[in-house]
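Encoded as structure tokens, the structure appears first; notes follow it.
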Amino acid sequence: MTEKKNLADGVVIEIEKAVVSYREDVALRGVSLSVSRGSFVGIVGPNGAGKTTLLTIVNGLGKIIQGRVEVLGHSLARGCPASLRARIGYVPQMQNIDPRMPVCAREVVMMGRYGHLGFFRRPSRDDWELVDALLEKVGLAHLARRPIGHLSGGEQQRVAIARALAQEPEILLLDEPTASLDRRVKEEILAQVSGFHKAGNHTTLMVTHEMDIAARLCDWLVLMKAGRILAQGKPEDVLQQEILKVLYENGDGQYYLPRQRRIANWI
Ligand code: ATP
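For my numbering, count along the sequence shown from 1 and bump the result up by 4.
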């Protein structure tokens, strides 16, 4: 009953008092969040705040020891079926890929289709056309047949985004998609992410450490610290000096917010 009601209300993610614990750490300490279809949500906060863990439970991979998580109308109490995971695209934090990995960019993007195809059906011409169109859109058509490990970090990130989009996801999860990239590449990728969000019909959740980017792209921000949501709301409402001071204060009264003088320019 609740599931049907949530979808009718346009709520695609409903998290209520979720607690997630790894062996020695409690990563989420009672997190509640409701996300409406079509939103672009930014998740920000210091290291170890629980941002990646929050994405993980939406993706159905985290173990919730208390609370409730519902995604696209399905309760995740008993795990996340593959059919539901196929509707959620995930771009993990950038990883080092072995240059000897014998898979080219085009094949990596096709992996995004497997959730729809099933393991035993071969990709059709339409699937390959979709993959090639996505590579074109992320500006990598000319590198489609190059081994994935021979691409630069920025190019690999574009491939990862294209792979997630090849799923035609209803929810797109991005974990620091532009970390450690130079400013120009960062801006290009973010412009693509923003364009895909506007053109597509999906809901986007993006973890980032860069407040100016979050303020610019997202229509809702979730500020996390020590496994809790400290504040959430529209960028102009939560990007306040006093809130950011608490967010980045490290316990000894110091607070380390890069480029804090520019808050006014973010929003
Ligand atoms: P960062 O900005 O550094 O990526 P984050 O906000 O994404 O951090 P998480 O990665 O969600 O934070 O981690 C939250 C807490 O859970 C941290 O204390 C972390 O050490 C712990 N943690 C995360 N993953 C694991 C794991 N697989 N096993 C044990 N502890 C973990």
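Just so it is clear, CB atoms sit at the ideal spot from N, CA and C, and this is done for glycine as well. Just so you know, these numbers come straight off a predicted model, no measurement behind them.
For the alpha helix (DSSP H) containing Arg-220, name the first residue and the last one. DSSP places Arg-220 inside the alpha helix (DSSP H), whose first and last residues are 215-221.
Do Leu-58 and Leu-32 come within 9 Å of each other at the CB atom, strictly closer than that value? Going by C-beta atoms, Leu-32 is nearer than 9 Å to Leu-58.
Would you check if the stretch 16-26 and the stretch 211-224 touch, i.e. whether three or more CB-CB distances between them fall below 8 Å? As far as the Cβ criterion goes, the stretch 211-224 does not touch the stretch 16-26, which means the pair count is below three.
If Val-75 and Leu-88 are in contact, beta carbons under 8 Å, what's the gap, nearest whole angstrom? Their Cβ separation, rounded to whole angstroms, is 7 Å, which keeps Val-75 and Leu-88 in contact under 8 Å.
Measuring straight from C-alpha to C-alpha, what distance separates Val-30 and Gly-231? Looking at the two C-alpha atoms, the distance is approximately 7 Å.
Are the beta-carbon atoms of Gln-161 and Met-98 separated by less than 9 Å? Contact: yes.
Could you spell out where the alpha helix (DSSP H) holding Leu-58 opens and where it closes? Counting along the chain, the unbroken alpha helix (DSSP H) around Leu-58 starts and ends at 55-62.
Closer than 6 Å by C-beta to Arg-82: which residues in its own chain qualify, once you throw out the five before and the five after it? Chain order, please. None.
Below 8 Å, how does it come out for the stretch 109-126 and the stretch 190-207: are there three or more Cβ pairs, yes or no? Contact between the stretch 109-126 and the stretch 190-207 is absent, with fewer than three C-beta pairs closer than 8 Å.
Nearest CA to the CA of Thr-60: which residue from Ala-183, Pro-106 and Tyr-94? The option with the nearest alpha carbon to Thr-60 is Tyr-94.
How long is the line joining the alpha carbons of Asp-13 and His-154, rounded to whole angstroms? So the two alpha carbons sit approximately 45 Å from each other.
Check each candidate in Gly-143, Pro-173 and Gly-237 and name the one with the smallest Cα separation from Ala-195. In terms of CA proximity to Ala-195, Gly-143 leads the group Gly-143, Pro-173 and Gly-237.
Nearest to Gly-42 (by Cα), restricted to the options Ala-219, Asn-254 and Glu-174: Of Ala-219, Asn-254 and Glu-174, the residue nearest in Cα terms is Glu-174.
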